[in-house]
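These notes are about the structure you will find just below.
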Amino acid sequence: MNESEQKKQGWLPIVGLIALIIVLFVGIKLVFAALGAAIPQEPAGHGEPAGPGGPGLTEQVEKSGPAQNTPAFCPFCGEELNDSFQWGQYCPYCGEKVEQ
Numbered sequence: 526m527n528e529s530e531q532k533k534q535g536w537l538p539i540v541g542l543i544a545l546i547i548v549l550f551v552g553i554k555l556v557f558a559a560l561g562a563a564i565p566q567e568p569a570g571h572g573e574p575a576g577p578g579g580p581g582l583t584e585q586v587e588k589s590g591p592a593q594n595t596p597a598f599c600p601f602c603g604e605e606l607n608d609s610f611q612w613g614q615y616c617p618y619c620g621e622k623v624e625q
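Under the working numbering, the residue at position 2 of the sequence shown is numbered 527, and the numbers go up by one with no gaps.
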C-alpha cells in the first residue's frame, strides 16, 4: 500500500466515531423530547411543589392545618432548620429539644 491509502484508513475510523457520537447525541435528544411530550409537567407556582400532582399535594398540606410559627434557626446552636421542622422536635445538629 502506498502512503495516501494508509492516511485514508487512519482517518476513516476517526470520522466514523465522530459520526457515531453525533448520531447518539441526536438520538438522546429525541428520546428526551418524546418523554417531555408524553409526560408534560406544569411549571410550579409560588409555594407549590414542581411536577405532576402538585396541586393535590398542596391541598393536603393546607387541610392539615395552618402552619404554626415554626423556627428557622435553632436557639441553642444557631444552625438553620429545614422547612419541615416543627416546635417540640429535637435539633438535628445539637440534639436539644426546641420548644416554643
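Ideal Cβ positions, reconstructed from N, Cα and C, are used throughout, including at glycine. Quantities reported herein were computed from a predicted structural model and do not represent experimental measurements.
| message | Once DSSP output is grouped into helix, strand and coil, what is the label at Phe550? | response | helix
| said: Between the alpha carbons of Gly541 and Pro568, how many angstroms are there, rounded? | reply: Spanning the two alpha carbons is a distance of roughly 41 Å.
| Between Gly613 and the rest of its own chain, which residues show a CB-CB distance below 8 Å, the 5 nearest in sequence each way excluded? | Cβ neighbours of Gly613 within its own chain (closer than 8 Å, five residues either side excluded): Lys622, Val623, Glu624 and Gln625.
| task | Would you tell me roughly how many angstroms separate the C-alpha atoms of Ala544 and Gly535, rounded to the nearest one? | result | 15 Å
| query | Counting only beta-carbon atoms, is Ala562 nearer than 8 Å to chain D? | reply | Judged by its chain identifiers, the structure shown contains no chain D, having just a single protein chain.
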